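Quick note on numbering that gives the first Met the number 0: the sequence shown kicks off at 0 and runs consecutively.
Note that the Cβ used here is the ideal one computed from N, Cα and C, for glycine as well.
This structure is a prediction, so every number in the text was calculated from the model and none was measured.
The structure under discussion appears below in the form of structure tokens.
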Amino acid sequence: MILFRIVLQTFGLALGQIWTNKVRSLLTTLGVIIGVASVVAVIAALQGLRQTVLSEFEKIGAKRVYIDGRLPQSMWGTGNWRDVQLKMPEIEAIRESCPSITDITPEMWSSYAIEYGDRKLDNIPTLGIWPTWHGIVGRQVIQGRQFNTIDDSERRFVCLINDKAIEELDLPREPVGEFVRLAGRRFMVVGVVETVQLNIFGGGENASEVFIPYATAQMLNPHRHISEAWAQLASPDKVEDAKAEITFVLRKMRGLSGDQEDTFQIEVIQQFIDQFNSLAKGITAGAGGIVGISLLVGGIGIMNIMLVSVSERTREIGLRKAIGARPAVVLIQFLVEAVTLCLAGGAIGLACGQGLISALRHIPDSPLKDAAVPAWAVLLAVGFSAGTGVIFGMFPAIKAARLDPIEALRHD
């Protein structure tokens, strides 16, 4: 209880000293202010950037598996990339033989001219897909209907478009049932696909997109191969099982022996997410450590000014000790003053860091729109400030506590 009262009184004295020497105190704590503001701002910015990137991954879909042909380095110059492209029997085999995969869709990319009335757009990306594409990729039909198995099996001339295509072709706002000419053929619009803009760093515009049944795309351009395939994991923890199953099926169908390289590639979005999270944690720790160096500089400034304060107040210390103040009380007084200085600097730095993050959030198309100062960063800043005060205030406090009262009273 007595110790608490001493600390409380000393805290009041420390605030009085800071207020009496406002400019000197501000300059003294500048290093701590800059250090705390930097740590808070960097951590919040990295957290915001991480959230933005993960949001983009969520749009892609964490359970998506990318499958494509790949020409290994050993076959460069001798092999043909067309020979390693995915074939339809392989797609069918993966669908039938891989229990860790729930759905799969091949994709065939082409570009054709599209016309509606007097409007014509050249080289519009046109994607041939199976009906399962919507569930795997996560892009739903917001008007009309999606493709069904009959559309694909009968190679119907039906298509899906996005809102940008509606705008550029000057189609009605509800275009379902309208007819467009694609690659010189008459296609009926049966639905509108939602637009998902993958854009981590802001800016950019959506492009017109057209989707047609995969079999129809194959009929329009029989010489084109499967561009790639996307599959859906049964669950995120089936990553390694799915890769092993797909690898087994493709190596067996391609007749690859044990020492031959894979002529395909399998990538799982969840693995990229895990790698990014690990990388983000490392960058956050590294950046926090680097900007934390300014806290060290600030701590040295605190120690320096506290040593000056001990010299200036030597007679005061001698008088206090002469009338009975114990060395521990003097030590606590100077230590509390150092900690108070650091905490005041930390509070100002925290406010500056929060202000900087708020400004960055309001920049148009900012990738840091989700940036926020996490609670642990606030605790870290407070802990760093208090720790800096204790560590760098200890030596001046010990020096003050060890002063001989008689020598101190003689000090000019």
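What number of angstroms, rounded off, separates the C-alpha of residue i from the C-alpha of residue j?
i, j, result
"I42", "P212", "47 Å"
"P88", "A230", "15 Å"
"K86", "A36", "57 Å"
"I225", "K280", "38 Å"
"I123", "N161", "12 Å"
"G382", "F263", "52 Å"
"V157", "A284", "53 Å"
"M218", "R154", "8 Å"
"V175", "S234", "35 Å"
"N79", "L170", "42 Å"
"S357", "G190", "41 Å"
"S96", "V238", "16 Å"
"M302", "G137", "59 Å"
"S277", "A343", "34 Å"
"E227", "P130", "16 Å"
"I292", "I268", "37 Å"
"L168", "I90", "35 Å"
"H361", "G354", "11 Å"
"G388", "K163", "59 Å"
"V22", "A337", "16 Å"
"M393", "V296", "16 Å"
"D121", "S109", "12 Å"
"V377", "L25", "21 Å"
"I100", "P373", "38 Å"
"A214", "T125", "13 Å"
With residue i and residue j assumed to form a contact (beta carbons below 8 Å), what rounded beta-carbon distance in angstroms separates them?
i, j, result
"L181", "K62", "Contact doesn't hold; Cβ gap of about 32 Å is too wide."
"I128", "F210", "6 Å"
"V64", "A241", "6 Å"
"T27", "L340", "6 Å"
By the DSSP assignment, the alpha helix (DSSP H) with residue i in it spans what residues?
i, result
"V412", "Because residue 412 is not part of the residues shown, which for the chain are 0 to 411, the question remains open."
"K242", "V238 to M252"
"Q217", "Y213 to L219"
"T27", "K21 to T27"
The beta strand (DSSP E) with residue i in it runs from where to where?
i, result
"P98", "Taken as a continuous stretch (DSSP letters only), P98 belongs to no beta strand (DSSP E), as it is neither H nor E."
"A206", "No beta strand (DSSP E) holds A206; DSSP gives it neither H nor E."
"V140", "V140 to G143"
"D151", "Careful: D151 lies outside any beta strand (DSSP E), inside the alpha helix (DSSP H) at T148 to S152."
"I165", "Taken as a continuous stretch (DSSP letters only), I165 belongs to no beta strand (DSSP E), being part of the alpha helix (DSSP H) at D162 to L168."
"G127", "R118 to I128"
"G190", "R184 to V192"
"G68", "R63 to G68"
"W80", "Premise fails: W80 is in no beta strand (DSSP E) and is neither H nor E."
Ordered along the chain, which non-local residues of its own chain (more than five positions away) have a Cβ less than 7 Å from that of residue i?
i, result
"S139", "What sits at residue 139 in the sequence shown is Gln, not Ser. These residues qualify, in order along the chain: H133 and E193."
"L359", "A44, S365, L367 and A370"
"I397", "L330"
"Q84", "G68, H224 and I225"
"E173", "Q142"
Within a Cβ cutoff of 6 Å, which residues of the same chain sit near residue i, ignoring the five residues on either side of it in sequence?
i, result
"R94", "I103"
"N198", "Confidence is the limiting factor: at N198 the pLDDT is only 46, short of 50, which leaves the residue's position unreliable, though a coordinate-based value still follows. Around N198: no qualifying Cβ."
"G300", "T27 and G30"
"F391", "G298, I301 and M302"
"F178", "R185 and M187"
"D82", "none"
Excluding the five sequence neighbours on either side, which residues of its own chain have a C-beta within less than 8 Å of the C-beta of residue i, listed in chain order?
i, result
"I282", "L45"
Q | Stretch-stretch touch, CB-based, cutoff 8 Å, three pairs: the stretch 111-126 with the stretch 234-251 | A | Flag = no, the stretch 111-126 and the stretch 234-251 do not touch.
Q: Decide if the stretch 21-37 is in contact with the stretch 344-361; the criterion is three or more beta carbon pairs, one per stretch, under 8 Å apart.
A: The stretch 21-37 vs the stretch 344-361: in contact.
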